[in-house]
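Contents: one structure, followed by commentary.
Chains as they are written, first to last, in my numbering: chain U, 19 to 135; chain R, 1298 to 1410.
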């Protein structure tokens, strides 16, 4: 089966510009996650969707970050305006969870490496 | 609040020797514990998980981990390390009644030939 797809793989922008990332999860997976991974740190959950509803966005900087998952399939994450500290790898993952349980394995995409200058 | 700690930034081991990558956790309720591996310029790959049952969990590529409730630990082990095991390893925890997974900071494993 096809894995989680993400694009672009790399992006370089200047501070105060905007950027968008796209993710297509594994077919049939109800749960979709966006993580931010800063160099030398573990992934930090930004937002978690269950179908097209938000389950958790407590660590999403809502003044500049937004995400949507229309039709419960693919998703976009946007940053506007970007700051230097947003430089990181943005990982998308999906799992087959259909309830609130968190015991399901997450399948990760290759990530998008963002550099903000 | 839930948390996970990986006390070693890097673990060095010779090929053929056993390896251990340490992980401790803190959650309210019963934990769900995971190990993921990350190779350069790639996303995380699932290795194994503990949900319930047998405390010794076997996973991909010959790795295993032991859940120790009294020590709140979930250390990753392999009897004989390979150079190809060199990568970044992440421990993660979630729990019954919750839906967020928290990842540790990662441990870099270096296996020398």
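Note that CB positions come from ideal geometry on N, CA and C, so glycine has one too.
Taking the beta carbon of residue i as the centre, do at least 16 other beta carbons fall within 10 Å, making it buried, or is it exposed?
i, result
"residue 1398/R", "buried"
"residue 1382/R", "buried"
"residue 1336/R", "exposed"
"residue 1358/R", "exposed"
"residue 83/U", "buried"
"residue 56/U", "exposed"
"residue 1346/R", "buried"
"residue 1349/R", "exposed"
"residue 43/U", "buried"
"residue 77/U", "exposed"
What in chain U is Cβ-close to residue i, meaning under 9 Å?
i, result
"residue 1402/R", "58, 59, 60"
"residue 1355/R", "Correct list: empty, because the minimum Cβ distance to chain U is about 15 Å."
Since residue i meets chain R, which of its residues come closer than 8 Å, beta carbon to beta carbon?
i, result
"residue 72/U", "None at all; the shortest Cβ gap to chain R is about 11 Å."
"residue 128/U", "1338, 1339, 1340"
"residue 109/U", "1340, 1341"
"residue 66/U", "1396, 1397"
Given that residue i touches chain R, what residues does it touch there, using C-beta distances under 9 Å?
i, result
"residue 124/U", "1331, 1333, 1341, 1343, 1389, 1398"
"residue 63/U", "1397, 1398, 1399, 1400"
List the residues of chain R that residue i touches, going by C-beta distances under 7 Å, in chain order.
i, result
"residue 54/U", "Those within 7 Å of residue 54/U in chain R number zero; the least Cβ separation is about 11 Å."
For a contact defined as C-beta to C-beta under 7 Å, what are the partners of residue i on chain U?
i, result
"residue 1346/R", "123"
Checklist entry - Taking Cβ-Cβ distances below 7 Å as the criterion, which residues of the stretch 1320-1341 of chain R are in contact with chain U? => result 1329, 1339, 1340, 1341
Next on the checklist: So, does the stretch 54-73 of chain U touch the stretch 101-109 of chain U, judging by three or more C-beta pairs under 8 Å?
Outcome noted: yes
Next on the checklist: Just to confirm the assignment: which complete beta strand (DSSP E) runs, minimum length 3, are found wholly within the stretch 58-100 of chain U?
Outcome noted: 62-68, 71-74, 83-86, 93-97
Item to check | Runs of beta strand (DSSP E) wholly within the stretch 1301-1364 of chain R (minimum 3 residues, chain order) | outcome: 1307-1311, 1316-1318, 1321-1323, 1328-1335, 1341-1347, 1353-1355
Checklist entry - Quick one: any contact between the stretch 120-135 of chain U and the stretch 22-42 of chain U, if contact means 3 or more CB pairs under 8 Å? => result yes
Checklist entry - So does the stretch 67-87 of chain U actually touch the stretch 1308-1317 of chain R, counting three or more Cβ pairs closer than 8 Å? => result no
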